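Number of protein chains: 2
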Amino acid sequence: MPKKPYELFYWPGIPGRGEYVRLALEEAGAPYVDVAREREGGMEEMTALLEGEGTQHPSFAPPFLRDGRVVVGQVAAILFYLGPRLGLAPKSESGALWTHQIELTISDLVAEAHDVHHPVGVGLYYEDQKKEALRRAEEFRTARIPKFLDYFESILAANGATEAKPRLVGKSLTYADISLFHTVDGLKYAFPKATGRLLKSRPLVASLHETVKKRPRIKAYLESERRQPFNESDIFRHYPELDK
Amino acid sequence: MPKKPYELFYWPGIPGRGEYVRLALEEAGAPYVDVAREREGGMEEMTALLEGEGTQHPSFAPPFLRDGRVVVGQVAAILFYLGPRLGLAPKSESGALWTHQIELTISDLVAEAHDVHHPVGVGLYYEDQKKEALRRAEEFRTARIPKFLDYFESILAANGATEAKPRLVGKSLTYADISLFHTVDGLKYAFPKATGRLLKSRPLVASLHETVKKRPRIKAYLESERRQPFNESDIFRHYPELDK
């Protein structure tokens, strides 16, 4: 009997944090339903699960994944669960944990990228905190992005990665590689000048981004209608005044 | 042969994120060394490991834990590793994952608690972003703390928790209970008025805080010199102007 499709629950209209899960599923060619986008009544189903109806494990926020009786939320936890099932994580405890640790560090970078345009609070519009965003963006561009990229560059190097085969963990592709690809993609969208400049001296991160993007299933997905473009309701937002 | 002590690496002088790991080790009565505080040359050892000397798995930032050949960073990943070893997590995959997911949600709350006093950037002093902090604190007190506490209250209730025995997962104490205790403790320190008021209508979270605090090993630890007090160089800071 073929496997029942995974069910991904996330807000429609933005790639958002759901994209990290989508990309792993797409790379693996795993069957899944993007419930709130694709299923009649999907939004109501998502809301009910968030309120703890029909699950003992409600998530604080989307994305979350349902796989039969398992419901799991938090991007890093979802990928930790999916990793071995999709062949996108090492099998050893130590390797799985290291991949997960890298993913958690990527999550920290993603949270900071979001806070650049919402420094004062998630409940306010960007326009109401633009002055603060300008200050925060400067630090993000000049200190935080470089610090994170340097870290990823150094662990790629320590893993023996080459520009031809840049891998964060071992010799095979993991979900951490895919997540770093997407995060760099988001940074290039939001801060094209700063990110373009910074990537020049981080060749392994740059080539990880380029090579993951060209993988056949990722490429097909990015060109499909399933892929939602980055936009200014999302984590990675392009406000030209925040880039230099 | 007795187990070699765990080695915890974290900045001295603040409880910080290291405290989540310390409290789990203390509750379990596990032997550990707080390297940067207790060992001659411990700070240099920590710095070297952060720079990837002597480990293939350097962390982006402290805390990290060394257990023989394993080095693991990121609080939630450290606790995921320690959980089954300390008897502070369920053994089933699903239970372990759920405990971890709750921990990750606690981590999100902790990050937001930090950002209240550093909305514009980690590289600036509080005094240089006080006006922005006042705005962010209002949303944190009136929207974010309540939303997180409501979530924890609801999953406690769904788990059949009672005020006499408030547990987030199953019937036994997990590291998530300990982490929620410490986070509430931090919120009570930083925002005593707001937190005190909010806890009145979240009796399960309130009693989790009270009962974990009284556990014999936790109590002994909190009264010992190993416990560093909350202070204004830390995540949870008491600035009276940010509380109401």
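If you read the sequences in order, they're chains A and B.
Take 1 as the starting number for the first sequence in my numbering and just add one per residue.
Take 1001 as the starting number for the second sequence in my numbering and just add one per residue.
Ideal placement from N, C-alpha and C gives every residue a C-beta, glycine not left out.
All values reported here derive from a predicted model rather than from experimental measurement.
Ranking A:Arg237, A:Lys219, A:Lys147 by CA distance to the CA of serine 201 of chain A puts A:Lys147 first. Look at isoleucine 1155 of chain B: its C-beta is under 8 Å from a C-beta on chain A.
For alanine 48 of chain A, same chain residues with a beta-carbon under 7 Å away, outside a window of 5 residues either side, are Gly54 in chain order.
Using a Cβ distance threshold of 8 Å, valine 120 of chain A and arginine 1136 of chain B count as a contacting pair.
The DSSP-derived three-state label of aspartate 1150 of chain B is helix. Not flagged as an interface residue toward chain A: serine 1172 of chain B, since no C-beta distance is shorter than 8 Å. Annotation for phenylalanine 1064 of chain B: no alpha helix (DSSP H) segment contains it, though the beta strand (DSSP E) segment containing it runs 1064-1067.
Valine 1033 of chain B has B:Glu1007 as its beta-bridge partners, per DSSP.
The C-alpha of tryptophan 11 of chain A lies about 13 Å from the C-alpha of arginine 39 of chain A. Excluding five sequence positions before and after alanine 30 of chain A, the CB atoms of its chain that fall closer than 7 Å to its own CB belong to Tyr6, Leu86, given in chain order. Counting C-beta atoms within 10 angstroms of its own C-beta, glutamate 103 of chain A has 16 or more neighbours from the protein chains shown and is therefore classed as buried.
Excluding its 5 nearest sequence neighbours in each direction, alanine 96 of chain A has C-beta neighbours in its own chain below 8 Å: Phe80, Gly83, Pro84, Ala89, Pro90, listed in chain order. Within the segment 111-145 of chain A, Ala111, Asp115, Pro119, Val120, Gly121, Gly123, Glu132, Arg135, Arg136, Glu139, Ala143 place their CB atoms closer than 7 Å to a CB of chain B, listed in sequence order. Per the C-alpha coordinates, the member of B:Gln1056, B:Ala1061, B:Ala1076 positioned closest to valine 1070 of chain B is B:Gln1056. Residue contact check for valine 70 of chain A against chain B: a CB pair falls below 8 Å.
Under the three-state reduction of DSSP output, glycine 73 of chain A falls in the strand class.
Look at glutamine 1129 of chain B here: in three-state DSSP terms it is helix.
For the segment 82-98 of chain A, the set of positions with a beta-carbon nearer than 7 Å to some beta-carbon of chain B reads Ser94, Leu97, Trp98 in chain order. Around the beta carbon of lysine 1131 of chain B, a 10 Å sphere encloses fewer than 16 other beta carbons of the protein chains shown; the residue is thus reported as exposed. For the segment 46-67 of chain A, the beta-carbon criterion of a distance under 8 Å to any beta-carbon of chain B is satisfied by Gly52, Gln56, His57, Pro58, Ser59, Phe60.
Approximately 5 Å separates the beta-carbon atoms of phenylalanine 1152 of chain B and valine 1205 of chain B; this is inside 8 Å, confirming the contact. Interface flag for glycine 73 of chain A against chain B is set, since a Cβ pair is found closer than 8 Å.
The Cβ atoms of alanine 1113 of chain B and isoleucine 1235 of chain B lie closer than 8 Å to each other.
Per DSSP, the continuous alpha helix (DSSP H) segment holding leucine 1187 of chain B begins and ends at 1175-1190. Contact between valine 1021 of chain B and leucine 1050 of chain B fails: their C-beta atoms lie close to 16 Å from each other, not under 8 Å. The three-state secondary structure of glutamine 1101 of chain B, taken from DSSP, is helix. An exposed status is given to serine 1233 of chain B, since fewer than 16 other beta-carbon atoms sit within 10 Å of its beta-carbon.
The Cβ of histidine 1182 of chain B sits no closer than 8 Å to any Cβ of chain A.
Contact annotation for threonine 105 of chain A against chain B: Ser1059, Phe1060, Ala1061, Gly1073, Gln1074 [CB-CB distance below 9 Å, chain order]. DSSP, reduced to helix, strand and coil, places alanine 1158 of chain B within a helical segment of the structure shown.
Separation of proline 216 of chain A and leucine 8 of chain A (C-alpha to C-alpha, rounded to the nearest whole angstrom) is 22 Å. Rounded to the nearest angstrom, the gap between the Cα atoms of alanine 143 of chain A and glutamate 241 of chain A is 18 Å. The alpha carbon of glutamate 1093 of chain B has as its nearest neighbour, out of A:Ala111, A:Gln129, A:Thr99, A:Val72, the alpha carbon of A:Val72.
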